[in-house]
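S.K.: What follows is a structure written as structure tokens; I'll ask about it next.
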Ligand SMILES: *[C@@H]1O[C@H](CO)[C@@H](O)[C@H](O)[C@H]1NC(C)=O
Ligand SMILES: *[C@@H]1O[C@H](CO)[C@@H](O)[C@H](O)[C@H]1NC(C)=O
Ligand SMILES: *[C@@H]1O[C@H](CO)[C@@H](O)[C@H](O)[C@H]1NC(C)=O
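Numbering (our numbering), first residue to last: 2 to 403.
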């Protein structure tokens, strides 16, 4: 810093500016030969409740992104058609992030509409653009249309896991010490994009180093031949086995792997929320039950039933499930004590219903206030937001209370 002497302060400022610019650049970029490689931006981790005791999730179902401004909207009013494209989907996402200030975004598949996206990666970057720009942690699973372009399902999940602020995982790590793939990505599990995200207690609280909420993500597949008949994908036995194992680890303890001595013993598992794309085969039963929201089309689920509902019931921690796939269903209904909720179609290039606004779901988990500190999750609520002028809030309900 010899150049920083009285009299040449202009040089000094220039020098400092240059230094800062270089520092900024090298912080974000890696130079390899002539290629510049960006380093993924990582959100603040672990995921945790805020100091006001809340954790708010925005669920985005079925963005069905194509190629941006040239991709036309489907099922909008004739008067809306001319000035409507994928950019309206982008605009809706940006407005929602701004209006709701969520702490996390969960994308439940059909993020892109493969057949309308000549370059899958480009479409993905545009679709998730607002999430990446927001700096919020976000996660995604795949639907049955994401892979219908230039990338297969493994490549897509790998790309998604490398995007800025994404906490998506390709698959869980293999923690079985007897397995040959121990420490690597689990191989004896079907699908891609099965993972658990732990949400820790409020900062500075007694449960600051403990998991108080789990977010389970599952790959519900795309489509497959079953006994000679083409049907939608389903959650396989291997995935349910893995999930039961994960959930079991939370029984009787809330142990933090990083600070095991800080573990707080609790007899019940923390509540869990589950996210996937294609509804499980039990969801059509809700046609005969009291629901909150609209049931406007047949549930396009798989013919194969591996006992998803039964598994969730026996696990005991899953309180609600969030799905997509059927764009004009947006209801929540309860089966055996577990809520099954649709996000409602979000994207303008996906089918919808003209005059029935595109929509999204918000999920709010709230902690119990102890004597001197925030405690466990006490209540989970949900509502939806419509893409109208006021982003109307509808169908608020309580999903779970301790
Ligand atoms: C879409 O955006 C590109 C780049 O900004 C522009 O050149 C093109 O004219 C736009 N197309 C339409 C249909 O608006
Ligand atoms: C799409 O966005 C444009 C402007 O960005 C707006 O004028 C138009 O009303 C929107 N269409 C719909 C259906 O939301
Ligand atoms: C959580 O971990 C941090 C860092 O190790 C420690 O300072 C803090 O006291 C722990 N809090 C609790 C409640 O265990």
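Glycine included, C-beta positions come from ideal geometry on N, C-alpha and C.
Below 8 Å, is the gap between the Cβ of residue 69 and the nearest heavy atom of ligand 1?
M.R.: yes
S.K.: Classify residue 400: buried if its beta carbon has 16 or more other beta carbons within 10 angstroms, exposed otherwise.
M.R.: buried
S.K.: Residues in its own chain within less than 8 Å of residue 310 by CB, not counting five upstream and five downstream?
M.R.: Sequence-distant partners of residue 310 (beyond 5 residues in either direction) whose C-beta falls short of 8 Å from its own C-beta, in its chain, are 281, 283, 336, 337, 339.
S.K.: Residue 117: which of 126, 127, 72 sits nearest, CA to CA?
M.R.: Shortest Cα-Cα distance from residue 117 to any of 126, 127, 72 involves 72.
S.K.: Relative to the C-alpha of residue 108, which candidate in 299, 81, 158 has its C-alpha closest?
M.R.: Checked all of 299, 81, 158; the closest Cα to residue 108 is 158.
S.K.: In the DSSP assignment, find the alpha helix (DSSP H) that holds residue 243 and state where it starts and stops.
M.R.: 238-249
S.K.: Flag this pair as yes or no: are the beta carbons of residue 88 and residue 64 separated by less than 9 Å?
M.R.: no
S.K.: Check residue 338 in the structure and name its three-state DSSP category.
M.R.: Under the three-state reduction of DSSP, residue 338 is assigned to coil, being neither helix nor strand.
S.K.: Grouping DSSP H, G and I as helix and E and B as strand, with all else coil, what is residue 355?
M.R.: coil
S.K.: Quick one, which of 238, 378, 191, 352 has its alpha-carbon nearest residue 404's?
M.R.: No answer is possible for residue 404: it lies beyond the span of the chain, which begins at 2 and ends at 403.
S.K.: Taking the alpha carbon of residue 166 as the point to measure from, which residue in 48, 150, 183 has its own alpha carbon closest?
M.R.: 48
S.K.: Give the C-beta separation of residue 438 and residue 197 to the nearest angstrom, bearing in mind that I take them to be a contact with Cβ-Cβ under 8 Å.
M.R.: Missing from the structure shown is residue 438; the chain here goes from 2 to 403 and no further.
S.K.: As a quick exercise: from 389, 102, 319, pick the residue whose alpha carbon is nearest that of residue 247.
M.R.: 319
S.K.: Is it right to say residue 290 is buried, meaning 16 or more other beta carbons lie within 10 angstroms of its own, or is it exposed?
M.R.: exposed
S.K.: Would you report the Cα separation of residue 31 and residue 40, rounded to the nearest angstrom?
M.R.: Only weak support is given to the placement of residue 31: the predicted model assigns it a pLDDT of 46, under 50, and the question is left unresolved by the model.
S.K.: Take the Cβ of residue 358 as the centre, count every other Cβ of all protein chains shown within 10 Å, and call the residue buried at 16 or more, exposed below.
M.R.: buried
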